[in-house]
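In the numbering used here, the protein residues as written are 5 to 316.
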């Protein structure tokens, strides 16, 4: 889903940090499985009428796992910012050297606002893509397989159902990738035109005043701003469609797994304790997809910003 090979090449020198973030993310997901699995075990004990003393051990175990999970998530966030900063620094250095090689003559026919937008804001928009979106994409791809290996010994059919829907929700949005990319690129072009006209207006403000063209220029800027607004709304609309597909897949996956588990319990092919553990742990199957979905908009903005950088 929305992987860019040219941006991946820019991670040279920081791929070890990206791999470390992926490993931490997968371990955090496995820790989440342990937490929810322990909760399912705790509920099973409650249903069996366990005493308070018998519940102390599972409760303490759940609390410890929650603390470990929080530490891992904090570590992953800090590593994400460090990785993004490292890649951005290298990218700025490459762009600076490239601009010096091109020389001032090259930029004589290029609008300054568009170049500045790509060199400054474009690089900033890539922070989320490098630091969070890219590692989360790998985590969302690997975590379902790790969870399947853990849940399969408990109940293979339910585990296969959960993992199948998790992978489906990861792949399905790619069907609309071209549409999303086109809308994001349109928004980038509209934003570049607005930035160029706005900067030109500021630089030539005295000239506009002298020739009485301030009002006409203001109308042009208003039109450019409206184009940015319309293109941004289209990006949000296409992203909402993609997120809707993901949410539908997650809901159907959870409902199907629950129905299958209930049927197997009724048919005496599965114990209620096992069903509780699998369903509670199965929630973690879809967490990477939900996290990736939350980063989708910023990821698409980063990809569109990269197109402006590549033009330079």
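Glycine is no exception: its CB is placed at the ideal position from the N, C-alpha and C atoms.
* **Cβ separation of residue 285 and residue 155, assumed to be a contact under 8 Å, to the nearest whole Å** => 6 Å
* To do: Give every residue of the same chain whose Cβ lies closer than 7 Å to the Cβ of residue 170, excluding the five residues on either side of it in the sequence, and list them in chain order.
  => 148, 257, 289, 290, 293
* Every unbroken alpha helix (DSSP H) inside the segment 200-282 [4 residues or more] -> 209-214, 218-270
* Do you know offhand how far residue 200's Cα is from residue 229's? -> 12 Å
* Can residue 151 and residue 37 be called in contact, C-beta distance under 8 Å? -> yes
* Helix, strand or coil: which one does DSSP assign to residue 158? -> coil
* Asked: Three or more C-beta pairs closer than 8 Å, one from the segment 159-179 and one from the segment 54-62: is that the case here?
  -> no
* **Selection from 314, 302, 311, 205 that minimises the alpha carbon distance to residue 129** => 302
* Please state if the CB of residue 31 and the CB of residue 83 are separated by a distance shorter than 8 Å. => no
* Over what stretch of residues does the alpha helix (DSSP H) that includes residue 134 continue unbroken? -> Premise fails: residue 134 is in no alpha helix (DSSP H) and is neither H nor E.
* Local Cβ density within 10 Å of residue 280, reported as buried at 16 or more and exposed below that -> buried
* Using DSSP with H/G/I as helix, E/B as strand and the rest coil, what is residue 20? -> helix
* What are the start and end residues of the alpha helix (DSSP H) that includes residue 11? -> 9-13
* Starting from the Cα of residue 136, find the closest Cα among 86, 242, 167 and give me that residue. => 86
* Presumed contact (8 Å Cβ cut-off) between residue 278 and residue 158, rounded CB distance -> 5 Å
* Any idea if residue 50 is buried or exposed, counting beta-carbon neighbours within 10 angstroms, 16 or more meaning buried? -> exposed
* Would you mind sorting residue 12 into buried or exposed? The rule is 16 or more other CB atoms within 10 Å of its CB. => exposed
* To do: Taking all protein chains shown into account, decide if residue 218 is buried (16 or more other Cβ within 10 angstroms of its Cβ) or exposed.
  => exposed
* In three-state terms, what does DSSP make of residue 55? -> coil
* To do: Run the CB neighbour count on residue 265, radius 10 Å, all protein chains shown included, and call it buried at 16 or more, exposed below.
  => buried
* To do: Could you pull out every residue in the same chain whose Cβ sits closer than 8 Å to the Cβ of residue 245, ignoring the five residues on either side in sequence?
  => 180
* Asked: Which residue from 79, 64, 68 puts its Cα closest to that of residue 24?
  -> 79
* Under 8 Å, do residue 34 and residue 143 count as touching if we go by C-beta distance? -> no
* Might you give, ordered along the chain, the residues of its own chain that have their beta carbon closer than 8 Å to the beta carbon of residue 10, omitting 5 neighbours on each side? => 310, 314
* To do: Compare the C-alpha of residue 164 against each of 188, 261, 227 and name the closest.
  => 261
* **Cα-Cα separation, residue 17 to residue 40** => 37 Å
* residue 138 and residue 64: beta carbons closer than 8 Å? -> no
* To do: Helix, strand or coil for residue 3, going by three-state DSSP, please let me know.
  => The structure shown does not extend to residue 3, since the chain spans only 5 to 316, so no value can be given for it.
* Own chain residues within Cβ distance below 6 Å of residue 141, not counting five before or after -> none
* To do: Using alpha carbons as the reference points, say which of 213, 182, 122 lies closest to residue 192.
  => 122
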